[in-house]
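Student: Under this note's numbering, read the sequence shown as residues 183 to 386, first letter to last. Even for Gly, the Cβ is constructed at its ideal location relative to N, Cα and C.
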Amino acid sequence: MTSLRIFKEQLRSIKRWLAIALLLFIAGAVMGATMNVFQDYGQSQTAGIKELAEQINAQEHARFILFVFIFLNNAIKSVIVMFTGLLFGIIPTIFLFINGLVMGYIFGMAADQGADVGRLFLRGILPHGIIELPVMIVSGAIGLNLGALMWKRMWNWRGINRSDKKKSVRAYLRDLVPVAWILVALLLIAAVIESTITFWLLER
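Okay, here's the thing in structure tokens:
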């Protein structure tokens, strides 16, 4: 079976988890934009991002360094989120909510300062986000699905031999490898766009 076919089948099998992953992200975004209780966390995250951006801009070949950082950061996180679903889906849940929280805080802060939020989204998020955000949702949904699988095996399959459980989980994880490669390839494209087109648009 080709990697693309495995990828399509995986998407079909996690439709419910895709919806849940999207809801977690949206919930985080709404809370980040509207609830002051998350303000300190949002400030610390955006301050860290700003400091990192300044350090990268000070380097020679800053644009290439930015591309490498964006790609590795997103690719590593996405793969980790997928496979740490083995820990009963806890890490994917936190990942989706926190990413939504930070994005919501950034847009909420921009709106409070009178910035054109629509323009910010179109120039600063949409060009690369049209790829990056769906990849994040898919990797989170796969992690949630894997977490649900682990819960099911814990509670409903007590009568099954332990080695059979391991084989079943191992087979599922093996199918995730080509899926992970496709997601990483998409993130490579997103990183190219973010470090070139998005960067150029934000400078205008």
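Please classify residue 341 as buried or exposed, where buried requires at least 16 other C-beta atoms within 10 Å of its C-beta.
Tutor: Taking the sequence shown and counting its residues from 1, one reaches residue 341 at position 159. Confidence at residue 341 is low in this model, with a pLDDT of 48, below 50, so the placement of that residue should be treated as unreliable; the coordinate-derived value is given next. Exposed, because fewer than 16 other Cβ atoms sit within 10 Å of the Cβ of residue 341.
Student: Between which two residues does the alpha helix (DSSP H) containing residue 255 stretch?
Tutor: Translated into the one-based positions of the sequence shown, residue 255 becomes position 73. First-last of the alpha helix (DSSP H) with residue 255: 244-265.
Student: Under 8 angstroms, do residue 320 and residue 365 count as touching if we go by C-beta distance?
Tutor: For the purposes of this step, residue 320 is taken as residue 138 along the sequence shown, with counting starting at 1. For the purposes of this step, residue 365 is taken as residue 183 along the sequence shown, with counting starting at 1. For residue 320 and residue 365, yes; Cβs fall inside 8 angstroms.
Student: Could you confirm whether any beta carbon from chain C is found closer than 8 angstroms to the beta carbon of residue 191?
Tutor: Of the protein chains in this structure there is only one, and it is not chain C.
Student: Just mark residue 310 as buried or exposed, buried being the case when its beta carbon has 16 or more other beta carbons within 10 Å.
Tutor: Taking the sequence shown and counting its residues from 1, the one referred to as residue 310 is at position 128. Counting Cβ neighbours within 10 Å, residue 310 comes out buried, since at least 16 surround it.
Student: Can you check which of these residues, 282, 240, 305, is closest to residue 385 by C-alpha distance?
Tutor: Here the question's residue 385 lines up with position 203 in the sequence shown. Comparing alpha carbon positions, the residue from 282, 240, 305 closest to residue 385 is 305.
Student: Out of curiosity, what's the CA-to-CA distance linking residue 352 and residue 291?
Tutor: Looking up residue 352 in the sequence shown gives position 170. Looking up residue 291 in the sequence shown gives position 109. Taking the straight line joining both Cα atoms gives about 44 angstroms.
Student: State the Cα-Cα distance for the pair residue 363 and residue 262, rounded to the nearest angstrom.
Tutor: For this step, residue 363 is matched to residue 181 along the sequence shown. For this step, residue 262 is matched to residue 80 along the sequence shown. Whole-angstrom Cα-Cα distance: 13 angstroms.
Student: Compare the beta carbon distance of residue 251 and residue 238 with 8 angstroms and say whether it is the shorter of the two.
Tutor: Walking along the sequence shown from the start, residue 251 turns up at place 69. Walking along the sequence shown from the start, residue 238 turns up at place 56. Against a cut-off of 8 angstroms, the Cβ pair of residue 238 and residue 251 comes out as a contact.
Student: Note down the Cα distance separating residue 346 from residue 314, rounded to an integer number of angstroms.
Tutor: Here residue 346 refers to the residue found at position 164 of the sequence shown. Here residue 314 refers to the residue found at position 132 of the sequence shown. Low per-residue confidence applies at residue 346: pLDDT is 45, beneath 50, and the placement is therefore not dependable, though the value from the model is reported in the following sentence. Each residue's Cα considered, the two are about 36 angstroms apart.
Student: Which word fits residue 255, buried or exposed, when buried means at least 16 other C-beta atoms lie within 10 angstroms of its C-beta?
Tutor: What you label residue 255 is simply residue 73 of the sequence shown in a count that begins at 1. Classification of residue 255: exposed, given that the 10 Å Cβ count is below 16.
Student: With DSSP as the reference, label residue 227 as helix, strand or coil.
Tutor: One-based indexing of the sequence shown puts residue 227 at position 45. Correct three-state label for residue 227: helix.
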